[in-house]
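Participant: Each residue of the sequence shown is one higher than the one before, counting from 13 in the working numbering. We put the beta carbon where it would ideally sit given N, CA and C, even for glycine. Fair warning: this is a prediction, and the values are worked out from it, not measured in the lab.
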Amino acid sequence: MSKVIKIRKGLDIKLKGTAEKIIAQAEPASTFATKPTDFPGITPKLAARPDDKVKAGSVLFFDKLRPEIKFTSPVSGVVKAVNRGERRRILEVVVESDGKNESLNFKAGDPNGMSRDEVRQKIMDAGLWPAIRQRPYAIIAGPQSEPKAIFISGFDTSPLAPDLDFIVKGQNREFQAGIDALKKMTRGEIHLSLNSAYPPSDVFTGTGNVSLHYFKGPHPAGLPGIQIHHIDPVNKGDIVWYINPQEVIIIGRLFLTGKYDATRVIALTGSEVLKPRYYKVLSGTSIEPFMKNNLVGTNVRYISGNALTGTRINKIGYLGYYDSQLTVLPEGDHYEMLGWISPGLDKFSISHSFPTWLMPSREYRIDTNLKGGVRPFVLTGEYEKVLPMDIYPMQLLKAILVDDIEKMESLGIYEVGEEEFALCEFVCTSKIELQSIVRRGINLMIKELE
13 MSKVIKIRKG LDIKLKGTAE KIIAQAEPAS TFATKPTDFP GITPKLAARP DDKVKAGSVL
73 FFDKLRPEIK FTSPVSGVVK AVNRGERRRI LEVVVESDGK NESLNFKAGD PNGMSRDEVR
133 QKIMDAGLWP AIRQRPYAII AGPQSEPKAI FISGFDTSPL APDLDFIVKG QNREFQAGID
193 ALKKMTRGEI HLSLNSAYPP SDVFTGTGNV SLHYFKGPHP AGLPGIQIHH IDPVNKGDIV
253 WYINPQEVII IGRLFLTGKY DATRVIALTG SEVLKPRYYK VLSGTSIEPF MKNNLVGTNV
313 RYISGNALTG TRINKIGYLG YYDSQLTVLP EGDHYEMLGW ISPGLDKFSI SHSFPTWLMP
373 SREYRIDTNL KGGVRPFVLT GEYEKVLPMD IYPMQLLKAI LVDDIEKMES LGIYEVGEEE
433 FALCEFVCTS KIELQSIVRR GINLMIKELE
């Protein structure tokens, strides 16, 4: 084993409702959606209209500013709807499945025998380029850029996170093919980070063309941004890419079969789920089939992703493009008598306000109540306790709020995305939406400097 990188700052939030390691069966969803809102920094332009027939891999929309970046249907069927929001902003392109799951033929090929341009073109044609993101800015990678390195996190430390070793089991060949394709895209290393707390899957340890790294510590140790910071930090002018293991596997399937097969395994988690399990689904699936008769209560919040960084959806909503998890929590729409003054024998706290700090392994049923009111920034030092990066989070946030680009650069804006600030937002005494502030700062950097 290589040297273990120890993450000392952070926080594990232990919620009830971890998924049992069983892949359960549910009725196939009838509708699937690809959501432009999952992809910061793009301006979508429709390529398909309602009632158009499509196959898996057919283009639904593309980026108006970078038309070579395409977003394709995960299933075959008919475009059912284009749902829009304010100012006719496209929110979802919904496809009704025909149950056949026919795919366009992109032709199989060994990436080792292909040029960089051929590999890149095949990934773009199938609509898989959005799977590859970059730092700086935490957006879809530029197709013409060449990264100094590519990062893959082989473990997730988020609340109720899916077990990636369980998810990738038996997919050695597909994962290796995906790695071989990505290797063509960089002259640098592909860094695969694993958790040193347990023996990782042979899918990860048996893969060639990667440099293995082991991490130990609480969340956010599993975030690619944290791993990039500790292995090969992003400086001004640098570009690194990162990608999730399941997307690597989907790219591998494309080269092995010539088809866009968006099959993935997701974890259904949360205290309000009757039977938290794993499900094999297609990307963008409606959550309705596996939520049917599977809830403890009725007043719940559905989150595509984890409780810290996920997106709120409704009970017939669709799973996000990058998400391998659906979390169901109690809705926080009630007032609590006495609030923080009550004894709190069942309350989670990062401080020693409640006696539960004496029970570090206890799991909690936490609702979505804000538990406080929004107020001006309070200098508490709490952000620094949960962000294991060599930056000043409070100062960076304030630089963003006053649009000071030079300060943002010097304080580390190139290294961060929203997810690195999710724990800061959780512990924030002022109850400020820090993740949206970070995205605002990133958007300003793109507008001014790109």
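1) If you draw a straight line from the C-alpha of His241 to the C-alpha of Met401, how long is it?
2) Where does Ile144 sit, in a helix, a strand or coil, going by DSSP?
3) Going by the CB atoms, is the gap between Glu108 and Gly89 shorter than 7 Å?
4) Hey, Thr30 and Leu172: beta-carbon distance below 7 Å or not?
5) On the CB-based measure, 16 or more other CB atoms within 10 Å of its CB, does Phe73 come out buried or exposed?
6) Kindly indicate the opening and closing residues of the beta strand (DSSP E) around Tyr334.
7) If we ignore side chains and look at the alpha-carbon of each, how far apart do Lys26 and His231 end up?
8) Tell me, which residues are paired with Ala173 by DSSP?
9) Specify, as a first and last residue, the run of the alpha helix (DSSP H) that His241 falls within.
10) With H, G and I counted as helix, E and B as strand and the rest as coil, what does DSSP make of Ala411?
11) Would you call the CB atoms of Glu80 and Met126 closer than 7 Å?
12) Where does the unbroken alpha helix (DSSP H) through Asp168 begin, and where does it stop?
13) If Ile17 sits next to His225, beta carbons under 8 Å apart, how far is it from one beta carbon to the other, in whole angstroms?
14) For Tyr272, which three-state DSSP category applies?
15) In this structure, how does DSSP classify Val386 when only helix, strand and coil are distinguished?
16) Using three-state DSSP, classify Asn318 as helix, strand or coil.
17) Please state whether DSSP places Pro48 in a helix, a strand or coil.
18) Nearest by alpha-carbon distance to Ala120: which of Tyr291, Ser365, Asp273 is it?
19) Mind checking who Ser109 pairs with in its DSSP beta bridge?
20) Taking Pro86 as the reference, which of Lys76, Asn95, Val105 has the closest Cα?
21) Kindly indicate which three-state DSSP category Tyr330 falls into: helix, strand or coil?
22) Under the DSSP definition of a beta bridge, which residues are partnered with Ser115?
23) With distance defined between alpha-carbon atoms, name the residue in Val308, Pro56, Leu77 nearest to Arg100.
24) Let me know the secondary structure DSSP gives Phe366 once reduced to three states.
25) For Asn117, tell me which candidate among Gly249, Val260, Leu268 has the shortest Cα-Cα distance.
26) Let me know the alpha helix (DSSP H) ranges lying completely inside the segment 196-231, each 4 residues or longer, listed in chain order.
27) Are three or more beta carbon pairs between the segment 281-299 and the segment 311-331 nearer than 8 Å?
28) Just how far apart, CA to CA, sit Gly332 and Asp50?
29) For Lys459, count the other beta carbons within 10 Å of its own beta carbon; 16 or more makes it buried, fewer makes it exposed. Which is it?
30) Quick one, which of Glu98, Leu266, Glu427 has its alpha-carbon nearest Ile403's?
31) Span of the alpha helix (DSSP H) holding Ile135?
32) Distance, Cα to Cα, Leu194 vs Glu186?
33) Express the C-alpha separation of Asp415 and Ala143 in angstroms, rounding to a whole number.
34) Tell me the residue span of the alpha helix (DSSP H) that contains Ile449.
35) For Arg313, which three-state DSSP category applies?
Facilitator: The structure says:
1) Cα to Cα, the separation comes out at about 7 Å.
2) The three-state reading of DSSP puts Ile144 in coil, since its state is none of H, G, I, E or B.
3) In this structure, Glu108 lies closer than 7 Å to Gly89 by Cβ.
4) In this structure, Leu172 lies closer than 7 Å to Thr30 by Cβ.
5) Phe73 is buried by the Cβ-count criterion.
6) Unbroken run through Tyr334: none, as it is neither H nor E.
7) Going by the C-alpha atoms only, they are around 11 Å apart.
8) None, per the DSSP bridge assignment.
9) Unbroken alpha helix (DSSP H) run through His241: 236-243.
10) Three-state result, Ala411: helix.
11) No. Outside cutoff.
12) Segment: none, Asp168 is in no alpha helix (DSSP H) and carries neither H nor E.
13) Contact check for Ile17 and His225: beta-carbon distance about 6 Å, within the 8 Å limit, so the pair qualifies.
14) In the structure shown, Tyr272 falls within a coil segment according to DSSP collapsed to helix, strand and coil.
15) Correct three-state label for Val386: coil.
16) Correct three-state label for Asn318: coil.
17) The answer is helix: DSSP assigns Pro48 an H, G or I state.
18) Of the residues Tyr291, Ser365, Asp273, the one whose Cα lies closest to the Cα of Ala120 is Asp273.
19) DSSP lists Gly89 as the bridge partner or partners of Ser109.
20) Ranking Lys76, Asn95, Val105 by Cα distance to Pro86 puts Val105 first.
21) Assigned with DSSP and collapsed to three states, Tyr330 falls in strand.
22) Beta-bridge pairing links Ser115 to Ala68.
23) For the options Val308, Pro56, Leu77, the alpha carbon positioned closest to that of Arg100 is the one of Pro56.
24) Secondary structure of Phe366 (DSSP, three-state): coil.
25) Taking only the C-alpha atoms, the option nearest Asn117 is Leu268.
26) Listed in chain order, they are 214-217.
27) Yes, the segment 281-299 is in contact with the segment 311-331.
28) Distance between the alpha carbons of Gly332 and Asp50: 6 Å.
29) Answer is exposed; the Cβ neighbour count stays below 16.
30) Measuring from the Cα of Ile403, the nearest candidate turns out to be Glu427.
31) Where Ile135 is concerned, the enclosing alpha helix (DSSP H) starts and stops at 128-137.
32) In this structure, the alpha-carbon of Leu194 lies about 12 Å from that of Glu186.
33) Computed Cα separation, rounded: 30 Å.
34) Here the alpha helix (DSSP H) through Ile449 covers 446-461.
35) In the three-state scheme derived from DSSP, where H, G and I count as helix and E and B as strand, Arg313 is classed as strand.
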